[in-house]
Amino acid sequence: MWWKASVIRWLILTFIIIKVVPWHISRQLNKFGTQVDTLQKEISIAESKNASYETLCELNGYLDSSQRMLAAISSCANATFYLGFI
C-alpha cells in the first residue's frame with residue numbers, strides 16, 4: 285500500500301514540472317518584458333526633459349537589471365522543454 289502514496293507524489297511532482305513551471309516562467313517573461321519597455325520609454329522621456337545624470341544612471345541601472353532578468357528567464361523558458369522529460 286505504501287507504493288500508492290509514492291505514485292501519487294510522483295504524479296503531483298510531474299504535474300508541477302509540466303504545467304506550473306512553464307506557466308510561471310511565461311508570467312515572468314511578460315512581467316520583465318513590459319518592465320523593459322516601460323523603462324526604455326521613461327529613459328527617453330527623461331532625456332527629452334534634460335534629467336540629471338544621476339537620474340539617468342539610476343534608470344539605466346534598472347533597465348540593465350531588468351534586461352538581465354529577462355535574458356535569464358528566457359534561457360529558462362528554452363530549457364523547460366527538456367525539463368519535462370527528466
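Under our numbering, the first residue of the sequence shown carries the number 285, and numbering increases by one thereafter.
Even for Gly, the Cβ is constructed at its ideal location relative to N, Cα and C.
- DSSP, reduced to helix, strand and coil, places residue 333 outside both helices and strands of the structure shown, so it counts as coil.
- Residue 356 places its beta carbon 7 Å or farther from that of residue 309.
- For residue 302, there is no enclosing alpha helix (DSSP H), since its DSSP letter is neither H nor E.
- Of the other Cβ atoms in all chains shown, fewer than 16 fall within 10 Å of the Cβ of residue 328; this residue is therefore exposed.
- Pairing residue 313 with residue 347 gives a Cβ-Cβ distance that is not under 7 Å.
- The alpha-carbon of residue 340 is positioned some 35 Å away from that of residue 305.
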